[in-house]
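Working notes for the structure below.
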Amino acid sequence: MAAIAETRAETSAIEPLRSASGELLKVSLRRSLRRQRLQALGLVLPLFLFIFFSFLLPIGDMLFRSVENQIVGEVLPGTVDALKDWNPDAQELPDEQTFAAIVADLKQAREDRTASRVGQRLNYEYSGMSSLFRSTARKVSRIDAPPYKQALIEMDKDWGDPATWKVIKRFSGDYTPGYFLSAVDATRTIEGDIRMVPENERVYLPLFWRTLVLSAFITIMTFLLGFPIAHLLATVPTRISNLLIIMVLLPFWTSLLVRTTSWIALLQKEGVINDFFVGIGLLSDDSRLTMIHNATGTVIAMTHILLPFMVLPLYSVMKTISPTYVRAAQSLGAKPAYAFWRIYFPQTVPGIGAGAILVFILAIGYYITPELVGGTSGTFISNRIAYNISSSLNWGLAAALGVILLGIVMALYILYDKIVGIDNMKLG
Amino acid sequence: MALPAYATTGQRVWHYSYLMACGAIFFFLIFPLVVIIPLSFNAVPYFTFTKEMLALDPAGYSLKWYEDFFTNPNWQGAVENSFIIAFFATILSTFFGTLAALGLSRPHMPARTVIMSILISPMIVPLIISAAGMFFFYSRVNLQGTHLGVILAHAALGTPFVVITVTATLVGFDNSLIRAAQNLGATPPTVFFKVIVPLILPGVISGALFAFITSFDEVVVVLFVGSFKQRTIPWQMFSGIREQISPTILAVATLMVLVSIILLVSLEMLRRRNERLRGIRAN
């Protein structure tokens, strides 16, 4: 026995393992594993490239636009260059050369029709720049010869205000934090320090706060409504629960717009609910409830829309809770309420966490429902982003707001991953 | 959860009020969907039940909103666009998504979690951000306001669903079947088409249905990436609700609820077929 083991040990100590074709098994294995890895990557590559070009690059473009400011450098190159040597804190105007540069730049801008765009960009930081640039660009062709400084100041006295020049210099860089500052209701003063906009002029911080508060409220409402029916679905026999779950899945699969439309029909002043209350005499005709185009409408409609997202995770967790625990607790003397609170409820906490974070993440990013039923007091940050893109055309600000929203959602999503795990996401 | 025979009166009261509360919540879930069906037959252009309707008077009901839907060129163009865009977007998502799922399920896939997160990201990012980003970028490459742009955008939004459903199907896939087929002399294409495809087909079709309905119902991205020429049914409904509220929207909404019911039934039938094929029975 010992002799055989010795011989075997001898043989394997001398020669490494080889595959059938004679090469080292280690090498052959490594090559085969590498081929398998490349094959797997090759299958994934088409989708990865597709997502990269159709989705990731757009998000990257949004990030870029939230800080890019190349328009000032492109439209006013000579001016920006000339302003490099000017000291903005010295309280005196730039020299003649700078004025010559801006006259030349504005003449070119008038030809290229870019004068109003750069004026609008600077107007976001200092009010009045838009009209200044527009009117000056129109009239600048009249200035043919030096002294440019005097001629320009005569044309519009704002050119004689050091503040105008400070703004141009401050926002002449290719990248600017201006959009992000506006997105959090801060501005950079002419002197250069960052301060918050006065309270009554703030728009975005209250809007972020309102989005978060309403979403939290919606999450709590979906929990209060979703927990009882999830419990019912998990505890009745399967035939009945299969039928009842249709009542949860049908709203889930119905288009968002359809559900929002039906809520408009229900909540309007002349809508079904108000008509019902007036019909049974609970309300008089002129004291109908205003449940739409305000925060109430948003909360009710969104609770209805997001309820399935709370019920389904809760249901899947509750189905795994064995009923014997509660029965055991009751047999040991616990009252039903006590057994529920101390034994059943703690076991459902992972489901509550998953459902709550899911509902919260979905709620803060919602656009359609707040847009249609929110009026002015029930809109979310996403509605403001859309407004900045389509109405006020301040794409930089829209991009900055989008980046902030994306950051919040990403942070919450990482939290969701820690609690539930991405791989555990199932559908239906 | 039946009430045990020894339950006290207090417990009975609590139990029945709990059942009534659940009933009320189910009502809350279903009523909005059901209420628009009769409203879409309203003879007058209001969103409420008129006296004639409540008295079940036939004069209070009319099919004119359905007529409007089927004859109005705005709506018919929208229907055409919706189906064309959803069809091509579904084909793209299903193709790319299935390939990727096959790759992700391979045993030696490097960086699986990271790549999976990136491929699923269109589902995670709020739609408004995807829409805004796509608007900015597609404007640069002249894809904004074109059918191709909307199709690409919808395909990107639909692929995560295909990836998730097909990877879920592949989790229980028995790899020894492939080896057995190769053992019996099958070439790789034969293995793929005769062994792998029939078994993952339910998952692929579920994913394709998800992708189709995502594109069909999608409105935010179409609003930004598309223009009036790419109007889809949701686009038309959205502008209809914002501008002139005509009950044609309720007729369209009723038809969409029917589409959802058909979809739900198909998914359920697929799920049952999948279980039968695999021999799994959920409790």
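In order, the protein sequences belong to chains A and B.
Under the numbering used here, the residues of the first sequence are numbered -4 to 423, in order.
Under the numbering used here, the residues of the second sequence are numbered 363 to 645, in order.
Here a beta-carbon is modelled for each residue, glycine too, at the ideal position from N, C-alpha and C.
All figures in this text were calculated on a predicted structure; none of them were measured in a lab.
DSSP bridge partner residues for ALA181(A) (one or two, in chain order): Here the question's residue 181(A) lines up with position 186 in the first sequence. The partner list for ALA181(A) (beta bridge, DSSP) reads MET191(A).
Residue burial classification, ALA106(A) (beta-carbon count within 10 angstroms, cutoff 16): Position 111 of the first sequence, counted from the start, is the residue given in the question as residue 106(A). A small correction: the amino acid at residue 106(A) is Glu; Ala does not occupy that position in the sequence shown. Of the other Cβ atoms in all chains shown, fewer than 16 fall within 10 Å of the Cβ of GLU106(A); this residue is therefore exposed.
Contact with chain B by SER377(A), beta-carbon distance below 8 Å: Locating residue 377(A) in the first sequence gives position 382, where the first residue counts as 1. Yes, its Cβ sits closer than 8 Å to a Cβ of chain B.
Three-state class that DSSP yields for TYR362(A) in the structure shown: Taking the first residue of the first sequence as 1, we reach residue 362(A) at position 367. Coil at TYR362(A), not helix or strand.
4-residue-minimum alpha helix (DSSP H) runs that sit fully inside the region 274 to 315 of chain A, ordered along the chain: Taking only runs of at least 4 residues, the alpha helix (DSSP H) segments lying wholly in the region 274 to 315 of chain A are 290 to 314.
Backbone secondary structure at TYR119(A) - three-state DSSP: Position 124 of the first sequence, counting from 1, holds the residue named residue 119(A). In the three-state reduction of the DSSP assignment, TYR119(A) falls in the coil class, being assigned neither a helical nor a strand state.
Status (buried if at least 16 other CB within 10 Å, exposed otherwise) for PHE555(B): As a working mapping, residue 555(B) is identified with position 193 in the second sequence. When all chains shown are included, PHE555(B) counts as exposed.
Environment of ARG290(A) [buried if 16+ CB atoms lie within 10 Å]: Within the first sequence, residue 290(A) is the residue found at index 295, counting from 1. The sequence given here has Ala at residue 290(A), not Arg. It is buried - the Cβ of ALA290(A) has at least 16 other Cβ atoms within 10 Å.
Integer Cβ distance of ALA494(B) from ILE376(A), believed to fall under 8 Å: Locating residue 494(B) in the second sequence gives position 132, where the first residue counts as 1. Locating residue 376(A) in the first sequence gives position 381, where the first residue counts as 1. Taking 8 Å as the upper bound for CB-CB distance, ALA494(B) and ILE376(A) are not in contact here, some 12 Å apart.
Beta-ladder partner(s) of ASN404(B), from DSSP: Counting from 1 along the second sequence, the entry for residue 404(B) is found at position 42. As computed with DSSP, ASN404(B) is found in a beta bridge with TYR423(B).
Cutoff 6 Å; reference ILE300(A); Cβ partners in own chain excluding five residues on either side: Along the first sequence, one-based indexing puts residue 300(A) at 305. Within the same chain, ARG254 come within 6 Å of ILE300(A) by CB-CB distance, once the 5 residues on both sides are set aside.
Inter-stretch contact at 8 Å, needing at least 3 Cβ pairs: the region 259 to 268 of chain A / the region 238 to 245 of chain A: Output reads no: the region 238 to 245 of chain A does not touch the region 259 to 268 of chain A.
Proximal residues to ALA132(A) (C-beta, below 7 Å), its chain only, five neighbours per side dropped: Along the first sequence, read from residue 1 onward, the residue named residue 132(A) stands at position 137. Leaving aside the five residues that flank ALA132(A) on each side, the residues in its chain whose CB is nearer than 7 Å to its CB run, in chain order, LEU101, ALA104, ARG105, ALA110.
Beta-carbon separation (whole angstroms), PHE458(B) vs LEU42(A), contact threshold 8 Å: As a first step, residue 458(B) must be located in the second sequence, where it is residue number 96. As a first step, residue 42(A) must be located in the first sequence, where it is residue number 47. Yes, they are in contact, since the Cβ atoms of PHE458(B) and LEU42(A) sit about 4 Å apart, within 8 Å.
Distance CB(TRP336(A))-CB(ARG60(A)) smaller than 8 Å: By 1-based counting over the first sequence, the position of residue 336(A) is 341. By 1-based counting over the first sequence, the position of residue 60(A) is 65. Cβ distance not < 8 Å, so TRP336(A) and ARG60(A) don't count as in contact.
CA-to-CA distance, ILE540(B) to PRO488(B), given in whole angstroms: Position 126 of the second sequence, counting from 1, holds the residue named residue 488(B). Position 178 of the second sequence, counting from 1, holds the residue named residue 540(B). Looking at the two C-alpha atoms, the distance is approximately 40 Å.
Burial state of GLN598(B) (16 or more Cβ within 10 Å): Stepping through the second sequence from its first residue, residue 598(B) is reached at position 236. Buried, since its Cβ has 16 or more Cβ neighbours within 10 Å.
Neighbourhood of ALA515(B) by C-beta distance below 6 Å, restricted to the same chain and skipping five residues each side: Taking the second sequence and counting its residues from 1, the one referred to as residue 515(B) is at position 153. Only MET496, VAL583, VAL587 meet the Cβ criterion.
Assigned secondary structure, LEU327(A) (DSSP; H/G/I helix, E/B strand, else coil): Within the first sequence, residue 327(A) is the residue found at index 332, counting from 1. Note: LEU327(A) maps to coil in three-state DSSP.
8 Å Cβ cutoff, VAL397(B) in contact with chain A: The count along the second sequence starts at 1 and reaches residue 397(B) at position 35. Taking a beta-carbon distance threshold of 8 Å, VAL397(B) counts as an interface residue toward chain A.
At least three beta-carbon pairs within less than 8 Å, the region 622 to 632 of chain B to the region 566 to 573 of chain B: A contact exists between the region 622 to 632 of chain B and the region 566 to 573 of chain B.
CB contact check: GLN592(B) to chain A, cutoff 8 Å: For the purposes of this step, residue 592(B) is identified with residue 230 of the second sequence, where counting begins at 1. Judged by the 8 Å Cβ criterion, GLN592(B) is not in contact with chain A.
At least three beta-carbon pairs within less than 8 Å, the region 543 to 563 of chain B to the region 339 to 353 of chain A: Because the criterion of three Cβ pairs below 8 Å is not met, the region 543 to 563 of chain B and the region 339 to 353 of chain A do not touch.
is_contact[MET420(A), chain B] using C-beta, thresh 8 Å: By 1-based counting over the first sequence, the position of residue 420(A) is 425. With a pLDDT of only 49 at MET420(A), under the threshold of 50, the placement of this residue in the model should not be trusted; the figure read from the coordinates follows. Against chain B, the CB of MET420(A) has a partner CB under 8 Å away; the residue lies at that interface.
Min CB distance GLN115(A) to chain B below 8 Å: Position 120 of the first sequence, counted from the first residue, corresponds to residue 115(A). Answer no: the Cβ-Cβ gap between GLN115(A) and chain B never drops below 8 Å.
Interfacial residues, the region 236 to 254 of chain A to chain B, with Cβ spacing under 8 Å: Those residues of the region 236 to 254 of chain A that come within reach of chain B (Cβ to Cβ, closer than 8 Å) are LEU239, ILE241, MET242, VAL243, LEU244, LEU245, PRO246, TRP248, THR249, SER250, LEU251, LEU252, VAL253, ARG254.
Close-in-space but distant-in-sequence residues of the same chain around ASP180(A) (CB under 7 Å, 5 per side omitted): Here residue 180(A) is taken as the residue at index 185 of the first sequence, counted from 1. Within the same chain, MET191, VAL192, ARG197, VAL198, TYR199, LEU200 come within 7 Å of ASP180(A) by CB-CB distance, once the 5 residues on both sides are set aside.
PHE431(B) burial status per 10 Å Cβ neighbour count (16 or more: buried): Position 69 of the second sequence holds residue 431(B). Under this definition PHE431(B) is a buried residue.
TRP204(A) classed as buried or exposed, judged by whether at least 16 other C-beta atoms fall within 10 angstroms: Within the first sequence, numbered from 1, the residue matching residue 204(A) stands at position 209. Classification of TRP204(A): exposed, given that the 10 Å Cβ count is below 16.
Helix, strand or coil at LEU71(A) according to DSSP, with G and I counted as helix: Stepping through the first sequence from its first residue, residue 71(A) is reached at position 76. When DSSP states are grouped into helix, strand and coil, LEU71(A) belongs to the coil group.
TYR380(B) at chain A interface by Cβ criterion, 8 Å: On the second sequence, residue 380(B) is found 18 positions in, with the first residue counted as 1. Answer yes: the Cβ-Cβ gap between TYR380(B) and chain A drops below 8 Å somewhere.
Status (buried if at least 16 other CB within 10 Å, exposed otherwise) for ARG643(B): Locating residue 643(B) in the second sequence gives position 281, where the first residue counts as 1. Residue placement at ARG643(B) is poorly supported in this model, since its pLDDT is 44, which falls under 50; the coordinates are not used for a value here.
C-beta neighbour in chain B for VAL267(A), strict 8 Å: Here residue 267(A) corresponds to residue number 272 of the first sequence, with the count starting at 1. At a cut-off of 8 Å, the C-beta of VAL267(A) has a neighbouring C-beta in chain B.
Within 8 Å, strictly: CB atoms of GLY73(A) and ALA96(A): Position 78 of the first sequence holds residue 73(A). Position 101 of the first sequence holds residue 96(A). Closer than 8 Å, so yes.
Sheet register partners of LEU19(A) (DSSP bridge): Taking the first residue of the first sequence as 1, we reach residue 19(A) at position 24. DSSP lists ARG13(A) as the beta-bridge partner residues of LEU19(A).
C-alpha distance - ARG32(A) paired with ALA351(A), whole-angstrom precision: Translated into the one-based positions of the first sequence, residue 32(A) becomes position 37. Translated into the one-based positions of the first sequence, residue 351(A) becomes position 356. When rounded, the separation of the alpha-carbon atoms in ARG32(A) and ALA351(A) is 38 Å.
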